[in-house]
Amino acid sequence: EPPDTPKDFSCHTQDMKRVTCTWKEGETYLYGRNAPQSTLSKTSSPKMALCKVSCSKQCSCSWDIGHQRIWNVTVTVENPLGKKTATHVFDVNHRMYPTAPFQVWEDCTDTEITLHWNYENNEIELFCQTEVVQPDGKVELHNSSVGVSKRVTVRGLQPYTEYRARVRCGAAKHFWRWSEWSQPLTTRTKEGTPSGKLDIWREITPVLGGRIVTLFWKQTPSFQANGKIISYEVTWEKIEDGSKPEKISFSSVYNSTRIFIDNHSYRISIMAKNNVNFSLPSVLIISRATDNSRSIFRTEELKEGQVNGTDDGIFISWEPRSIYDSYIIDWCNFPRLQPCDFQWKRFAPNTSSAVISSVAFVPGVRYKFFIYGSVANRASLLEKKIGYLRELPPRLDPIVRKVDLTYNSVTLSWDSYLTNESEPGFVRGYHVYVSPVQGNCNLKGSKKHILSDESELCKYTIENPEEKRYTVKHLMQNTEYKIVVKAFTGGGETPIAYFRYIYTPYNSNILYFLFLVVIVPTLVAAICHWKMKWVKECCCPAIPSPNKSKVLSFKEFKVDSEKVLKINDCRPDALAVDSDAEAQKL
């Protein structure tokens, strides 16, 4: 293909002595001796070539300019299939493109960096720009004045902080474009006095004759070491008698220590030290032991409240008091270990809740939180909380000690469930599961519970964790049942592993009823059948005895001791006459 018209045709100088022009060429698909040839010449003298090149895509050509400042040049690209030209007019004074600064070095204080550099052509007046990259990646640009073009001072920096800087320059007159950046320089400001205070806290343990105070300290975001911390200094003194302070220093690798104090009030301060100076002191006031006995040592008087875990941590709330200027919550990241990795966190006076989070928190571990109010560096225990990041099911089932059976109920009694710190959750209550061994369960007052094997159980819920007894009613007599008691927490309960089997007896009331209705009459009938003649003579004789007649039981029918029957009072069915002698007697 014939060549395309050259694109992006531009010229510049770096030293006011030599000019370089650049342009782009298109693809012609011709190579070797047929490849495009480029010629740069004055537009007014096309036959007088300034320079010739053979190139593809990105091309450049340079020549000495002498004293001429205004140029009108033409670039001609030619191959056997044709040629194309492009023209460019420029003033060399307006096309200054300096070389990159070199030999960059610095002078530092704790808050300033002064950068120095050189460049090749000192005859050209330049002004320069410095790029400073902060530790967080933020970029700042600083311009140097025209009269002092080989240095710039950057102020307002952080002590003992690493910065990265580089420099570029442009023509002070008729600015056209920046030079390339210099090689980057990494430097660090010098150390300064630490700013801010350490965050300090304590743990107090009463012992014979006084107290052991475990002191903790840490650097907070508001504290700036402004150098390398080389030590910490702990000072403590009695408040009442103004005795001489005691002090001790620790290497920077430590963040806690223990001191012994008596039962008086003490003022404790901790400072951090770098190679320049100490930080401001952080102060704690430890009250007299008689005061602490009410607010710190006798923690058993405070009832422990339960708190819940969230996706972000453990949510804790407390009742705010207007007298305090801050609140502190402390806890152990590993409550089952010693040392327990003691932690604390401070909160503003207008705060009444917080989410405590830690990468050390794991499900199924109970954490204790102590909430303090602080005023004038003096702290008092306000509340205690216990909770889990996430509750897990109980490890063990309640131990059923007693089973009382009737024909239609069973009463289960179990031991109190252990609720110590090793439990993976708060026991919220119990579930009682029951079902006949043969068939499904359908007891009144229960809910259905389906096992993994699709068998059905009757489920009763006891929501009082202090309950230790429960009666399951409406059972069938003479039936075998399987039964189990499970404790549950906020994390649920473990799967049912085994059952206890019971067998309900017959109903004794029904047996008694059967005895009265069936057995006794049958026995009486058998006796009557056996003594039939005697019974017949006794109950219904062929000739009734007058002395046994109900009719003759009235007084007026008695003569002496004999009962008398008046003939006119009854109508006999038949008349029988005894012997003549008896008849004569009558």
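Residues in the sequence shown are numbered from 7 upward in steps of one, following the working numbering. By construction, the Cβ of each residue, glycine as well, lies at the ideal position given by its N, Cα and C atoms.
- Going by DSSP, T528 is part of no beta strand (DSSP E) but of the alpha helix (DSSP H) stretching over V526 to W536.
- By the Cβ criterion, the region 215 to 227 is not in contact with the region 125 to 142, since fewer than three pairs of Cβ atoms, one from each stretch, lie closer than 8 angstroms.
- Boundaries of the beta strand (DSSP E) harbouring A55: S51 to V59, taken from the DSSP string.
- Under the 8 angstroms Cβ criterion, the region 323 to 331 counts as touching the region 355 to 366, having at least three qualifying pairs.
- Here the alpha carbon of C17 sits roughly 10 angstroms from the alpha carbon of R24.
- A direct Cα-Cα distance of roughly 13 angstroms separates A295 from E246.
- Judged by DSSP in its simplified three-state form, H100 adopts helix.
- Counting only the Cα atoms, K454 lies some 6 angstroms from L463.
- Membership of Y423 in any beta strand (DSSP E) is not indicated, and neither H nor E is assigned to it by DSSP.
- Counting only residues of its own chain and dropping the five nearest sequence neighbours on each side, G496 has a CB closer than 7 angstroms to the CB of E397, G431, F432 and R434.
- DSSP, read as helix, strand or coil, puts R39 in helix.
- Under the criterion of beta carbons closer than 8 angstroms, Q444 and G393 do not qualify as touching, at roughly 45 angstroms.
- Within the same chain, E7, P42, N85, P86 and L87 come within 8 angstroms of L36 by CB-CB distance, once the 5 residues on both sides are set aside.
- DSSP places R475 in the uninterrupted beta strand (DSSP E) bounded by R475 to V478.
- Counting along the chain, T220 sits inside the beta strand (DSSP E) bounded by residues G216 to K224.
- Separation of the CB atoms of V438 and Y476 is rounded to 5 angstroms, and the pair is thereby assigned contact status at 8 angstroms.
- Contact between the region 187 to 201 and the region 112 to 124 is established, with three or more Cβ pairs separated by less than 8 angstroms.
- In the structure shown, V110 adopts extended strand secondary structure according to DSSP, grouped into three states.
- For W111 and D21, the gap between their C-alpha atoms comes out near 24 angstroms.
- Each of K48, A55 and Y103 was checked against the Cα of N78, and the nearest Cα belongs to K48.
- Residue pairing by DSSP places F494 opposite G435 in a beta bridge.
- For V523, the three-state secondary structure derived from DSSP is helix.
- The region 65 to 72 and the region 99 to 106 do not touch, with fewer than 3 CB-CB distances between them shorter than 8 angstroms.
- For Q312, the uninterrupted beta strand (DSSP E) segment begins and ends at E310 to G315.
- DSSP places A295 within a helical segment (H, G or I) once states are collapsed to three.
- In this structure, S44 is the residue among S44, L457, V409 and I254 with its C-alpha nearest to the C-alpha of K13.
- In the three-state reduction of the DSSP assignment, I508 falls in the strand class, which pools E and B.
- Between R264 and V289, the C-beta gap is not smaller than 8 angstroms, which leaves the two residues out of contact.
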